[in-house]
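Enquirer: Going line by line, the protein sequences match chains G and L.
If you read the first sequence in our numbering, its first letter stands for residue 6, the second for the next number, and so on.
If you read the second sequence in our numbering, its first letter stands for residue 35, the second for the next number, and so on.
Here's a structure for you.
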Amino acid sequence: MSSISENETATKARSLTVDPKTARRWLEVLAGPFALIAVWWLIYVTGALDANLLPSPFATLADTFTNIVSGSMLFDAWQTLWRVLKAFFIATILGVPAGIALGANRSVYRCSEFLIDFFRSTPATAMFPLFLLLFGLGDFSKVAVAAFAAWLLIVFNTAYGVMNARPTRLLAARSMGASKLRAFRDVVFFETLPQTLVGLRSAVSLGLVVIVVAEMFIGARDGMGKRIIDAQISYDLTDMYGSILVSGALGYLLNLFFITIETRIVHWSGK
Amino acid sequence: MTQADGFISIRNLSKSFDGTTVYDTFNFDLPSKRFISIFGPNGCGKSTLINMISGLMPMDRGEVLYDGKPIKATKISYVFQNYREALFPWMSALENIHYPLKLSGLSAAERNNRVEALLADFPVPFDLNAYPYTMSGGQQQTVSILRALVTDPDVLFLDEPFSALDYEMTLFMREQLQSMFLKTRTSMLLVSHDLEEAVQLAEHVLLLTRRPTRVAEFVEVDLPWPRTAATVTESRFVELKSHCLNIFQREVAGGLAA
């Protein structure tokens with residue numbers, strides 16, 4: 006009885022005031038960003054760094070806010086995101102089946118292992134000229150080079166997941182009378198899922214990197230990469246710093262989104 | 035007719051790994067509808083034997099007949115030592131138990147009936163809607179055994195099912211398994227590395243020699259049911275166990291002296 010009433014009191018207390026643990030957690034989360042702005046501001050007011058290189062953090066935030074509200078930065082962020090999503094979609098559609106096929110067959114995997122490792126180690130940006138040659142100056146060459154880099158990550162991770170499927174689980178399904186195909190669908194697929202999702206998350210992060218760089222250097226009309234390089238060239242410092250922050254936020258949110266999906270879908274992962 | 039009715043007949047079984055002969059024309063008839071423990075020295079191929087009898091592992095030569103029928107015409111179930119890797123963590127415990135019935139194509143209604151009937155016979159004191167990884171080892175292995183029993187198999191194979199559990203849980207699980215056997219009278223083949231467990235649970239203990247493996251003795255355990263924790267201190271139990279131990283030591287020592 007006493008424990009029930011204690012619980013009730015605790016619930017009431019929580020609804021009235023902020024739970025000290027939650028408050029502490031939020032303070033810890035926010036401490037980092039606040040410290041960054043504080044250090045930035047200190048450098049700015051003390052003049053430790055030339056004011057021509059570093060604007061005030063508050064001016065930057067205010068300018069970024071204006072740019073977001075006016076829609077010009079939102080448009081660029083959306084263009085970048087849309088390219089990343091297209092690249093990611095292509096990479097996933099082509100990468101997951103390829104990874105499964107590769108992982109299911111040891112000798113095929115061994116044959117292609119060197120190629121995968123080689124191209125994984127090749128900077129995707131080194132491929133820009135090749136993709137420009139193949140796909141022209143348009144938007145698709147940017148999407149294609151990002152898709153290629155993301156595709157390798159997905160293939161590699163999916164194949165790895167298939168190869169590391171627990172043999173006991175497969176044996177258990179087979180002992181219950183599952184056909185090879187059925188066991189693959191019911192067991193290997195789920196066994197592979199955690200590693201596949203890790204691959205997808207890394208792929209979307211890499212896709213963003215490649216797209217932003219491509220927008221800077223291979224003739225984009227819009228996008229965050231184009232915006233950052235334009236701001237630098239026209240010496241619009243608050244826009245440049247603000248665009249960098251927004252690009253970072255884009256990457257952070259994509260990662261957060263995938264982590265949330267991962268913990269929902271593969272709730273058993275690592276347990 | 036070489037095969038007898040009411041037997042699991044192992045005929046001319048041969049198996050070797052990388053040139054090491056484990057079984058060479060091994061022949062034996064195991065009576066069906068019995069609880070049989072398999073015990074022997076390390077590396078004699080206890081698990082290999084039930085893996086081959088159950089069809090999980092191919093044999094080099096030979097055949098196994100269940101009451102004269104081949105393995106394909108027999109319903110078998112298998113309980114693995116590593117329950118953590120044998121259960122499907124993406125399914126709840128209940129869905130795990132449903133799974134073999136789903137494989138045999140039963141409708142949801144039929145499956146529910148079967149599972150409910152099973153759980154009426156063997157009620158579990160924990161929530162089967164939970165995922166396996168939230169459960170204790172004993173609970174997970176209970177789910178494994180229920181999943182194995184739900185298809186009403188002709189033979190249930192258990193490969194050291196309790197060796198990953200702590201002692202207290204092992205004692206409890208022995209009682210559970212015993213009551214399942216007494217209720218269903220399904221043929222059970224238990225591989226054990228624990229002689230006490232092998233004798234306590236079984237009607238027969240199949241004692242194996244070192245490689246190449248032969249039958250050292252097929253010991254009948256004539257202890258009354260149910261066999262409780264007190265059983266293992268009774269004189270007849272101690273007598274049977276030390277008899278098995280003597281044979282085991284003779285086989286191990288014989289192998290080591292060579």
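Built from N, CA and C at the ideal position, the CB exists for glycine as well.
Count the other C-beta atoms from every protein chain shown that fall within 10 angstroms of the C-beta of F161(G), then say buried if there are 16 or more, exposed otherwise.
Expert: Buried, because 16 or more other Cβ atoms sit within 10 Å of the Cβ of F161(G).
Enquirer: Checking the sheet assignment: what are the DSSP bridge partners for R95(L)?
Expert: Bridge partners of R95(L): S48(L).
Enquirer: Which residues, in order along the segment 43 to 70 of chain G, keep a beta-carbon less than 7 Å from a beta-carbon of chain L?
Expert: Listed by position, the residues of the segment 43 to 70 of chain G near chain L (Cβ gap below 7 Å) amount to none.
Enquirer: Measuring CA to CA, which of D200(L), N116(L) and V189(L) is closest to S66(L)?
Expert: Nearest C-alpha to S66(L): V189(L).
Enquirer: Do G150(G) and F133(G) have their C-beta atoms closer together than 9 Å?
Expert: Note that residue 150(G) is Val in the sequence shown, not Gly. A contact, by the Cβ cut-off of 9 Å.
Enquirer: Can you tell me which of the three DSSP states K109(L) falls into?
Expert: Coil.
Enquirer: What does V249(L) pair with, by DSSP beta-bridge criteria?
Expert: According to DSSP, which records beta bridges pairwise, V249(L) is partnered with L242(L).
Enquirer: Under a CB-based cut-off of 9 Å, is I266(G) close to chain L?
Expert: Judged by the 9 Å Cβ criterion, I266(G) is not in contact with chain L.
Enquirer: When DSSP builds the beta bridges, which residues end up paired with M222(L)?
Expert: DSSP output for M222(L) lists F69(L) and L190(L) as bridge partner(s).
Enquirer: With DSSP as the reference, label Y49(G) as helix, strand or coil.
Expert: Looking at Y49(G) - three-state DSSP - the assignment turns out to be helix.
Enquirer: What residues match up with S210(G) in a beta bridge as DSSP calls it?
Expert: None, per the DSSP bridge assignment.
Enquirer: Using beta-carbon positions only, say whether A263(L) and L205(L) come within less than 9 Å of one another.
Expert: In contact: A263(L) and L205(L) (Cβ atoms closer than 9 Å).
Enquirer: Verify whether the separation of the beta carbon atoms of V158(L) and Q173(L) is less than 9 Å.
Expert: Yes, Cβ-Cβ distance for V158(L) and Q173(L) is below 9 Å.
Enquirer: Which chain G residues are close to A127(L), counting only those with a beta carbon under 9 Å from its beta carbon?
Expert: Per Cβ cutoff of 9 Å: no residues; A127(L) is ~12 Å from chain G at best.
Enquirer: Taking the beta carbon of P75(L) as the centre, do at least 16 other beta carbons fall within 10 Å, making it buried, or is it exposed?
Expert: It is buried - the Cβ of P75(L) has at least 16 other Cβ atoms within 10 Å.
Enquirer: Using a Cβ cut-off of 7 Å, pull out every chain G residue sitting near A120(L), in sequence order please.
Expert: Under the 7 Å cutoff, chain G gives T173, R174 and A177.
Enquirer: With 9 Å set as the bound, which would you pick, yes or no: does the beta-carbon of K17(G) sit closer than that to a beta-carbon of chain L?
Expert: Only weak support is given to the placement of K17(G): the predicted model assigns it a pLDDT of 49, under 50, and the value that follows is read from those uncertain coordinates. Cβ-Cβ to chain L under 9 Å: no for K17(G).
Enquirer: Any contact between the segment 225 to 242 of chain G and the segment 80 to 88 of chain G? By contact I mean 3 or more CB pairs, one from each, below 8 Å.
Expert: Yes, the segment 225 to 242 of chain G touches the segment 80 to 88 of chain G.
Enquirer: Suppose you measure from the CA of R179(G) to the CA of S111(L); what does that come to, to the nearest Å?
Expert: Rounded to the nearest angstrom, the two C-alpha atoms are 10 Å apart.
Enquirer: Could you give the distance in angstroms between the alpha-carbon of F136(G) and the alpha-carbon of G143(G)?
Expert: Their Cα atoms are separated by approximately 11 Å.
Enquirer: Going along the chain, which residues of the segment 108 to 137 of chain G sit with their C-beta nearer than 7 Å to a C-beta in chain L?
Expert: For the segment 108 to 137 of chain G, which is checked against every Cβ of chain L, not one residue is closer than 7 Å.
Enquirer: How about L250(G) and T97(G): do their beta carbons lie closer than 9 Å?
Expert: Taking 9 Å as the Cβ cut-off, L250(G) and T97(G) do not qualify as a contacting pair.
Enquirer: Would D52(L) be called buried (16 or more neighbouring beta carbons within 10 Å of its own) or exposed?
Expert: Its Cβ having fewer than 16 others within 10 Å, D52(L) is exposed.
Enquirer: Report the three-state DSSP secondary structure of A15(G) (helix, strand or coil).
Expert: Legend: pLDDT at A15(G) = 49, less than 50; position of this residue unreliable, no value from coordinates given.
Enquirer: Taking 9 Å as the cut-off, decide whether the C-beta atoms of I131(L) and L223(L) are in contact.
Expert: No; because the gap between Cβ atoms is not below 9 Å, this pair is not in contact.
Enquirer: Check whether the Cβ of T82(L) lies closer than 9 Å to any Cβ atom in chain G.
Expert: Not closer than 9 Å to any Cβ of chain G, the Cβ of T82(L) fails to qualify, so no.
Enquirer: What did DSSP end up calling N61(L) once you bin it into helix, strand or coil?
Expert: N61(L): strand per DSSP, three-state reduction.
Enquirer: For P166(L), name the three-state secondary structure that DSSP assigns.
Expert: If DSSP states are grouped into helix, strand and coil, P166(L) belongs with the helices.
Enquirer: Can you pull the chain L neighbours of V192(G), defined as C-beta to C-beta under 9 Å?
Expert: Within chain L, the residues near V192(G) are F122.
Enquirer: Go ahead and pull the three-state DSSP assignment for Y100(L).
Expert: Y100(L) falls in the strand class under three-state DSSP.
Enquirer: Locate the alpha helix (DSSP H) running through K80(L), then write down its first and last residues.
Expert: From DSSP, the alpha helix (DSSP H) with K80(L) extends over K80 to I87.
Enquirer: Where A103(G) and A164(G) are concerned, what is the direct C-alpha to C-alpha distance, given to the nearest angstrom?
Expert: Rounded to the nearest angstrom, the two C-alpha atoms are 8 Å apart.
Enquirer: DSSP has F41(L) in a bridge; who is on the other side?
Expert: DSSP output for F41(L) lists P65(L) as bridge partner(s).
Enquirer: Sort out for me which residues DSSP pairs T54(L) with in a bridge.
Expert: DSSP output for T54(L) lists F51(L) as bridge partner(s).
Enquirer: On the CB-based measure, 16 or more other CB atoms within 10 Å of its CB, does A188(G) come out buried or exposed?
Expert: By the 10 Å Cβ count, A188(G) comes out buried.
Enquirer: Could you list which residues in chain L have their beta carbon closer than 8 Å to that of A195(G), in chain order?
Expert: Here residue 195(G) is Phe; the residue named in the question, Ala, does not match the sequence. Per Cβ cutoff of 8 Å: F122 and W124.
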